[in-house]
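To start, the structure under review is shown below, and the notes come after it.
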Amino acid sequence: MPSDANREKALETALAQIDRQFGKGSVMRLGSDDRAPVEVVPTGSIALDVALGIGGLPRGRIVEIYGPESSGKTTLTLHAIANAQRAGGIAAFIDAEHALDPEYAKKLGVDIDSLLVSQPDTGEQALEIADMLVRSGSIDLIVIDSVAALVPRAEIEGEMGDSHVGLQARLMSQALRKLTGGLNQTNTTMIFINQLREKIGVFFGSPETTAGGKALKFYASVRLDIRRIETLKEGTEAVGNRTRVKVVKNKMAPPFKQAEFDILYGVGISREGSLIDFGVEHEIVRKSGAWYTYDGDQLGQGKENSRRFLKENPDIALEIENKILAKLGVGEAGAAALAAATAATASAATASAAKASAAAKASGATVEPIAPKLAAGRKGA
């Protein structure tokens, strides 16, 4: 048996040869400092970012988001796209369902002028386009909506009623084998939206399953189960949904954590609502009766008024968010990405408010700032 010194020398020689042939970093020690930290794309909900354990959706990995109809799957991905764009990234949306609403995407903060969109005819075409975009090395985030709509070419060219057993599952299995390496090399996040189906003849346990076979379950680093749990109302009018997301698989942090947040119609995920809920839960925001207070100052009476106040005062919202992240110890990469995305949102909101104020002054209207004392106190602190 060779001595330890000879074994170490032989290993170093082999590693040097591998680096020369396949490139530096082809093999590395797991604890090496050369390994880059995991970068993330914030989801738009601080509750979900914390539940994921790293501050968002991991870069260079596959993510699956599934749930019933109208549960918020596309809304969640559009918020991720908006955050990726705010950080200077390029995003693509492969609309296999042919159902993307540009106006709704714009309301959620997506820059529709720079968003790449494809509406492919077949599943093969959709996945080939995705692969070419990934291998360009220029894309930060790709969304495929949805796996169930990736129809194999043979099924489209056939007739209604023809049997095509396992075609879609085989297509997904082949595509994922090809895509996984490229996604990691180019640090691109790929989100697959998926629909639910029910297995026949199941008497015990959940009959629910997802479309497209089992390959995606294995290749996905993160799987999110999203459900609508409550309808939000103002009086008798429905204004949004209370949504629960369960992290059913997570290779980046402990799984099975849950997050709840509000999705408002025409607005998307209520970041301010999540801040209030999380702030109260972690004693950063205080609730006394119907009143919410932060650092001794009142935010408003009732959640809706407090939400509106934070919307109109993005600097205070950002301050609360940073305190929550610091207290929970979310990963550095996640905290940095969240800070960048929220700072961009705050900047945009401030610019919008300034523009509205200028327009009001030009028309001769009186403009009064919301809670000037609190805003002034924050700046002087």
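Numbering follows UniProt numbering, with no gaps: position 78 of the sequence shown is 78.
Beta carbons are placed, not taken as given, at the ideal position from N, Cα and C, and that holds for glycine.
Beyond the five residues adjoining it in sequence on each side, Lys178 comes within less than 7 Å, by CB distance, of Asp131 in the same chain, given in chain order. By the beta-carbon neighbour count (other beta carbons within 10 angstroms, threshold 16), Ser136 is exposed. When DSSP states are grouped into helix, strand and coil, Ala259 belongs to the strand group. When the beta-carbon positions are compared, Lys73 and Ile226 come within less than 8 Å of each other. For Thr75, the uninterrupted alpha helix (DSSP H) segment begins and ends at 73-86. Looking at the DSSP output, Met190 bridges to Ile62, Ile142. Residue state for Val147 is assigned as helix, using DSSP reduced to three classes.
Between Ile62 and Val143, the C-beta gap is not smaller than 8 Å, which leaves the two residues out of contact. Two segments are said to touch when three or more pairs of C-beta atoms, one from each, lie closer than 8 Å; by this definition the region 279-287 does not touch the region 234-246. The residue from Gly212, Leu150, Thr189, Thr293 with its alpha-carbon nearest to that of Thr122 is Leu150. The way I'd put it, the region 200-213 does touch the region 145-163; three or more beta-carbon pairs between them come closer than 8 Å. Residue pairing for Thr293: DSSP places it in a beta bridge opposite Arg286, Gln298.
Residue range 222-234 is occupied by the beta strand (DSSP E) that includes Val222.
For Asp101, the closest C-alpha among the options Asn322, Ala126, Thr75, Ala91 is that of Thr75. In the DSSP annotation of this structure, the continuous segment of the beta strand (DSSP E) that includes Ile94 starts and ends at 91-95. Judged by DSSP in its simplified three-state form, Ile54 adopts coil rather than helix or strand. Counting C-beta pairs with one atom in each stretch, the region 262-279 and the region 316-329 have three or more that are closer than 8 Å, which means they touch. With respect to the 8 Å criterion, Asp140 and Ser118 are not classified as neighbours on the basis of their beta carbons.
The residues Leu78, Ile81, Ala82, in chain order, have a CB closer than 6 Å to that of Val110 in the same chain once the five nearest residues on each side in sequence are set aside. Sequence-distant Cβ neighbours of Ile129 in its own chain, meaning closer than 7 Å and more than five residues away, are Ile94, Ser118, Pro120. Taking a contact to require three or more Cβ pairs closer than 8 Å, the region 51-70 and the region 187-201 qualify as touching.
The three-state secondary structure of Asn241, taken from DSSP, is strand. Looking at the DSSP output, Lys9 sits in no beta bridge, so it has no partner there.
Within the same chain, and ignoring the five residues on either side of Leu15 in sequence, the residues whose Cβ sits closer than 7 Å to its Cβ are Val27. When the Cα atoms are used, Val50 and Gly56 turn out to be separated by approximately 8 Å. Taking the Cβ atoms as the reference, Tyr292 lies roughly 6 Å from Gly300, within the contact range of under 8 Å. Close CB contacts of Ser163 within its chain, under the 6 Å cut and outside five residues either way in sequence, are absent. Taking C-alpha positions only, Ala154 is separated from His98 by approximately 20 Å.
Annotation: the region 96-179 contains the following complete segments of the beta strand (DSSP E) (minimum length 3 residues), in chain order: 116-118, 141-145.
The Cβ-Cβ distance between Leu108 and Ala92 does not fall below 8 Å. Sequence-distant Cβ neighbours of Ala175 in its own chain, meaning closer than 7 Å and more than five residues away, are Leu127. Under the three-state reduction of DSSP, Leu30 is assigned to coil, being neither helix nor strand.
Contact check for Thr231 against Ala238 passes: the beta carbons are separated by less than 8 Å. For the options Leu52, Ser45, Glu12, the alpha carbon positioned closest to that of Val330 is the one of Leu52.
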